[in-house]
Amino acid sequence: MASVELLRTLGNKYSAEILDATDEPKSAQDLSDELDIPIATCYRRIDELTDHDLLELHDNILSDDRRRIKVYRRNVDAIEVGFDESLVVDVEERSEVTNKLDEAWRTLSES
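For the sequence shown, our numbering assigns the number 1 to the initial residue and increments by one for each residue that follows.
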């Protein structure tokens with residue numbers, strides 16, 4: 001049943017676009033603006049994708065006006081759907097090496 005729920009989440013309007021756009025960390029507002037998604041819908045999709053571990057809260061950054069902003073990054077590199085004998089959804093998570101390189105680069109760029 002988990003595969004069916006995951007497939008439903010992926011099938012929701014804007015879910016694939018959000019995953020595609022979050023190779024680099026982005027806020028809900030950035031995603032809404034970039035993808036032309038209503039902000040409330042964007043937050044709903046972020047919650048659904050986060051619940052299925054496809055998207056993760058990457059950081060809470062400080063904006064120019066000193067407010068905390070959550071930024072999200074996809075937690076997967078690939079998703080494969082198969083229908084051999086039954087529905088199978090295979091999720092390839094981002095590698096630890098990729099995550100560590102991203103973190104190191106972010107730390108260096110903030111300095």
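All C-beta atoms, glycine included, are put in the ideal place defined by N, C-alpha and C.
Small disclaimer: the values here were computed from a predicted structure and weren't measured.
Same chain only: Cβ atoms within 8 Å of residue i, ignoring 5 sequence neighbours per side
| i | result |
| --- | --- |
| Val97 | Because Val97 carries a pLDDT of 47, less than 50, the predicted location of this residue cannot be relied on, and no value is offered for it. |
| Arg8 | none |
| Tyr14 | Leu35, Ile37, Thr41, Cys42 and Arg45 |
| Glu92 | Val76, Asp77, Ala78, Ile79 and Glu80 |
Where residue i sits in the DSSP three-state scheme
| i | result |
| --- | --- |
| Ser3 | helix |
| Leu54 | coil |
| Asp161 | For residue 161 there is no data in the structure shown, the boundaries of the chain being 1 and 111. |
6 Å Cβ shell around residue i - same chain, five flanking residues per side excluded
| i | result |
| --- | --- |
| Met1 | The predicted position of Met1 is uncertain, since its pLDDT is 48 and thus under 50; a value taken from the coordinates is nonetheless stated next. Excluding sequence neighbours, Met1 sits near nothing in its chain. |
| Ser32 | Ile39 and Cys42 |
N- and C-terminal bounds of the alpha helix (DSSP H) containing residue i
| i | result |
| --- | --- |
| Tyr14 | Element bounds for Tyr14: n/a, residue is neither H nor E. |
| Asp33 | Ala28 to Leu35 |
N-terminal and C-terminal residue of the beta strand (DSSP E) that residue i is part of
| i | result |
| --- | --- |
| Asp77 | Val76 to Gly82 |
Whole-Å CB distance - residue i paired with residue j, under 8 Å assumed
| i | j | result |
| --- | --- | --- |
| Arg73 | Glu24 | 7 Å |
| Ile69 | Asn60 | 7 Å |
| Leu19 | Leu57 | Going by Cβ atoms, the distance from Leu19 to Leu57 rounds to 15 Å, so no, they are not a contact pair. |
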